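Residue numbers (my numbering): 303 to 408.
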């Protein structure tokens with residue numbers, strides 16, 4: 303997606319929620335990191351599945367803490383393994399409980 307970081311940071315929650323999974327996956331890591339926390343919290347499970355490992359690593363601890371159980375369940379094993387310890391620790395108990403054995407094994 304040909305957005306500047308400034309443009310990415312100005313996207314509304316509704317605009318981010320309206321992006322296709324391909325558009326989400328195509329965002330540069332810096333552009334993804336510039337998205338507002340409420341926009342990240344509004345991503346669908348399918349949009350979360352489309353995230354690259356680099357995009358997941360770009361999540362702040364607060365953004366990781368705001369992920370819903372469905373969003374955490376949608377993260378790939380590689381994404382879970384790449385999370386910083388503080389980010390993983392910030393995920394709600396329900397989100398951790400929802401992880402599959404494959405996600406935990408990573």
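Think of the CB as a built atom: it goes at the ideal place given N, C-alpha and C, for glycine as much as any other residue. Keep in mind that this is a model prediction, so the values were computed, not measured.
Cβ separation of residue i and residue j, assumed to be a contact under 8 Å, to the nearest whole Å
| i | j | result |
| --- | --- | --- |
| residue 364 | residue 339 | 6 Å |
| residue 332 | residue 307 | 5 Å |
| residue 377 | residue 405 | 7 Å |
| residue 313 | residue 345 | The pair is not a contact, with the Cβ atoms about 12 Å apart (cut-off 8 Å). |
Continuous alpha helix (DSSP H) stretch holding residue i: start and end
| i | result |
| --- | --- |
| residue 365 | 363 to 368 |
| residue 379 | 379 to 384 |
| residue 322 | Residue 322 -> no alpha helix (DSSP H), and no H or E assigned at all. |
| residue 351 | 347 to 351 |
Proximity of residue i and residue j at Cβ, strictly below 9 Å
| i | j | result |
| --- | --- | --- |
| residue 371 | residue 394 | yes |
| residue 353 | residue 381 | yes |
| residue 319 | residue 335 | no |
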